[in-house]
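In my numbering, the protein residues as written are 11 to 331.
Yeah, the Cβ is synthetic: ideal placement off N, Cα and C, and Gly gets one too.
If you're wondering where the values come from, they're calculated on a predicted model, not measured in any experiment.
Accompanying notes for the structure given below.
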């Protein structure tokens with residue numbers, strides 16, 4: 011898949027200018043007649059776009075819907091999100107899975123240790139220059155930009171792995187006008203669970219020396235509840251959802267990662283299993299439907315690739331494509 015991404019990158023500048031010029035020209039022509047229409051969506055292919063935001067330009071990798079459809083699937087990265095690409099495009103076959111489907115795949119790049127949320131302020135422990143505003147980007151700035159390419163602002167799905175899992179559910183909970191499906195793969199979907207804030211504090215310190223208090227404030231701040239999918243479960247009523255977690259038991263898929271990495275992935279996944287069980291029980295108590303699968307596996311990409319494969323027909327059905 012890395013080869014596919016690099017190949018697409020060489021085409022991206024020409025494709026971006028061509029499509030941007032066409033979209034602007036069409037808008038000018040239509041406005042002269044007092045008519046406002048969305049641009050036609052591209053049909054197939056891959057591009058890398060730079061999207062304006064309050065955080066500065068954000069790179070977004072895009073695989074356009076195979077037949078020019080307007081539906082989109084937003085795919086969120088994990089805690090170690092690289093600055094130059096989404097790990098979904100390098101560590102999984104996500105692009106290939108949806109290559110023939112009439113849905114645009116949207117991979118926001120970056121968001122390292124952000125939890126894809128709006129922070130209170132820049133991290134004070136690593137001299138962060140800007141305040142993370144990922145919820146604003148994913149629900150306002152990016153949809154508005156993609157609308158210029160014919161991508162719907164209201165017929166979207168969102169999935170994420172690890173850090174992105176809880177975010178996918180909470181984004182959908184608070185923006186039901188945008189998202190028609192949400193999926194969490196090994197997500198920490200109950201961050202207000204006792205002492206988990208301290209585990210998150212250690213994770214953010216380890217991965218970039220970020221200060222947790224600058225994200226949601228101290229434990230008990232309203233931002234913690236707002237960003238807890240289990241607490242916000244009622245807002246998810248009626249939304250198709252797929253939640254997957256491993257149980258921490260490794261399989262053959264872990265062999266390439268070595269003993270040390272696998273042991274770490276086992277510990278992390280036992281935590282997400284607990285979170286998934288709490289979330290499942292909360293939904294059951296409220297009478298809210300969702301598919302929640304817990305099975306063998308650890309906290310690593312092969313399992314998230316398969317979780318995406320399992321959720322694919324559910325996503326396509328929810329988006330009507």
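Separation of residue 69 and residue 93 (C-alpha to C-alpha, rounded to the nearest whole angstrom) is 9 Å. DSSP places residue 186 outside both helix and strand once states are collapsed to three, so it counts as coil. The beta carbons of residue 197 and residue 172 sit about 7 Å from each other, so the pair counts as a contact at 8 Å. Contact between residue 169 and residue 105 does not hold, since the beta-carbon distance rounds to 14 Å and is not under 8 Å. Under the DSSP definition of a beta bridge, residue 252 partners with 193 and 301. For the 9 Å CB-CB criterion, residue 238 and residue 199 form a contact.
Between the region 173–181 and the region 116–128 there are three or more C-beta pairs closer than 8 Å, enough to call the two in contact.
Fully enclosed beta strand (DSSP E) runs of no fewer than 3 residues occupy 251–256 of the region 241–288, in order along the chain.
When only Cα atoms are considered, residue 268 and residue 274 end up about 10 Å apart. Of all C-beta pairs linking the region 96–103 to the region 175–186, fewer than three are shorter than 8 Å, placing the two stretches out of contact. Residue 282 is classed as buried because its beta carbon has at least 16 other beta carbons within 10 Å across all chains shown. Annotation: the continuous alpha helix (DSSP H) that includes residue 213 extends over 206–216. Minimum Cα-Cα distance from residue 144 among the listed residues 134, 150, 155 and 126 corresponds to 126. Cβ-Cβ separation between residue 156 and residue 82: approximately 7 Å, consistent with a contact (criterion under 8 Å). If you check the CB distance, residue 115 and residue 61 do not come in under 9 Å. Under the Cβ criterion (8 Å, minimum of three pairs), the region 217–224 does not count as touching the region 244–261. The beta-bridge partner set that DSSP reports for residue 85 consists of 169.
Excluding five sequence positions before and after residue 298, the CB atoms of its chain that fall closer than 7 Å to its own CB belong to 243, 246 and 247, given in chain order. Residue state for residue 118 is assigned as strand, using DSSP reduced to three classes. The C-beta of residue 208 has fewer than 16 other C-beta atoms within 10 Å across all chains shown, which makes the residue exposed. Apart from the 5 residues on each side of it in sequence, residue 285 sits with its Cβ closer than 6 Å to the Cβ of 198, 199 and 200 in its chain, given in chain order. 289 is the residue among 136, 233 and 289 whose C-alpha sits nearest the C-alpha of residue 252. Residues 64 and 128 of the same chain have their beta carbon placed closer than 7 Å to that of residue 146, with the five preceding and five following residues left out of the count. Take residue 312, set aside five residues on each side of it, and the residues of its chain with a beta-carbon closer than 7 Å to its own are 263, in chain order. Judged by DSSP secondary structure, residue 159 falls outside any alpha helix (DSSP H); it is assigned neither H nor E.
Between residue 88 and residue 50, the beta carbon gap of about 34 Å keeps them out of contact (Cβ cut-off 8 Å). Secondary structure note for residue 316: its alpha helix (DSSP H) is the uninterrupted segment 311–329.
At a Cβ-Cβ threshold of 9 Å, residue 309 and residue 256 count as neighbours.
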